[in-house]
Amino acid sequence: MIILALDTTSEFGSVAIRCAGRTVAETAIHAPDGFAHVLFPAVNKILQDAGLTVADIDCFAAASGPGSFTGVRIGLSTIKGLAEATRRPVAGISNLRALSSFGRSHVRAVVLDARRGEVYAGIYTSDLEPVGGEVVSALDAWKRTLDPGLEYEFVFAGHPPRPLAAAVALCAELDYGKNRWLDAAELDANYVRRSDAELFRKND
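Per the working numbering, the sequence shown starts with residue 10, numbered consecutively.
Structure (structure tokens):
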């Protein structure tokens, strides 16, 4: 199984290929001016370096948010186009879930900056499965909702954020065994704070 994964949800993006249960390539992309002119060259290069073509890919995956509205849209549109052209399935992976793969403990509290003094947050297990839903909240307020009887490992994106594409590919691989891959037409963004779509359009 070969998975091509993208993350374009912030200016610090990445592209990765996962094959036979391991990451074979990952490339970071810093795109402060957006991904419109740099994403396809990065995809073509990583495929070429791996000795692959688009036709070799079994599934296309992308970080589906939360994040920059424009960035999320570009990443999802790109894998939709590739999937439709090759008649392959897609996987949209939450950034928070992908970030949880960097944790080491059984229960992981994942936090991502949401601007305006808030964070996107979610709890994940070591199997990279969510415990409850993802939320947007002030950090301290969200911490007060956590179970005091559990020991949480906090996982943050870092600055600059660590590359996520390989983690996105890992999550997509895990989803294969759970029949979570989608047709391209079914793919949707994960904004968490859904009403922010218009805000992101203005600020990106």
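A virtual CB, placed ideally from N, CA and C, is assigned to each residue, including glycine. Computed from a prediction, not measured in an experiment: that's the story for all the values here.
Beta-bridge pairing of residue i - partner residues as DSSP gives them
| i | result |
| --- | --- |
| Ile102 | Ala72 |
| Gly131 | Val119 |
| Pro139 | Tyr133 |
| Ile66 | BP columns for Ile66 are empty, so no partner. |
| Leu191 | Val99 |
| Glu162 | Arg117 |
| Phe144 | It should be noted that the sequence gives Val, not Phe, for residue 144. Ala130. |
| Arg125 | According to DSSP, Arg125 bridges with nothing at all. |
Contacting residues, own chain, Cβ-Cβ under 7 Å from residue i (five flanking each side not counted)
| i | result |
| --- | --- |
| Phe69 | Leu13, Ile88, Leu91, Ala92, Arg97, Val99 |
First through last residue of the beta strand (DSSP E) which encompasses residue i
| i | result |
| --- | --- |
| Arg27 | 21-28 |
| Arg82 | Note, Arg82: premise wrong, no beta strand (DSSP E); alpha helix (DSSP H) at 78-95. |
| Ile11 | 11-16 |
| Ala37 | 31-39 |
| Phe44 | Counting along the chain, Phe44 falls outside any beta strand (DSSP E), and DSSP gives it neither H nor E. |
Short Cβ contact (9 Å threshold) for residue i with residue j
| i | j | result |
| --- | --- | --- |
| Thr32 | Ala178 | yes |
| Ala25 | Phe111 | no |
| Thr79 | Lys54 | no |
| Thr95 | Ala71 | no |
| Ile132 | Arg153 | no |
Supposed close pair residue i, residue j - CB separation, criterion 8 Å
| i | j | result |
| --- | --- | --- |
| Asn104 | Gly76 | 6 Å |
| Glu162 | Arg113 | 7 Å |
| Ser23 | Leu196 | In fact, because the Cβ distance is near 19 Å, the residues do not count as touching under 8 Å. |
| Asn199 | Ser73 | 4 Å |
| Gly84 | Asp136 | Actually they do not touch by this definition, with Cβ atoms about 25 Å apart. |
Cut-off 8 Å between Cβ atoms - residues of its own chain near residue i, not counting five sequence neighbours on either side
| i | result |
| --- | --- |
| Leu191 | Pro98, Val99, Ala100, Gly101 |
| Val128 | Val120, Leu121, Asp122, Val145, Ser146, Ala147, Leu148, Trp151 |
Same chain, Cβ closer than 6 Å to residue i, five either side skipped, listed in chain order
| i | result |
| --- | --- |
| Val201 | Pro75, Tyr129, Glu143, Val145 |
| Leu208 | In this predicted model, Leu208 has a pLDDT of only 47, less than 50, meaning its place in the structure is not dependable enough to derive any value. |
Where the alpha helix (DSSP H) containing residue i begins and where it ends
| i | result |
| --- | --- |
| Val52 | 48-58 |
| Glu182 | 174-185 |
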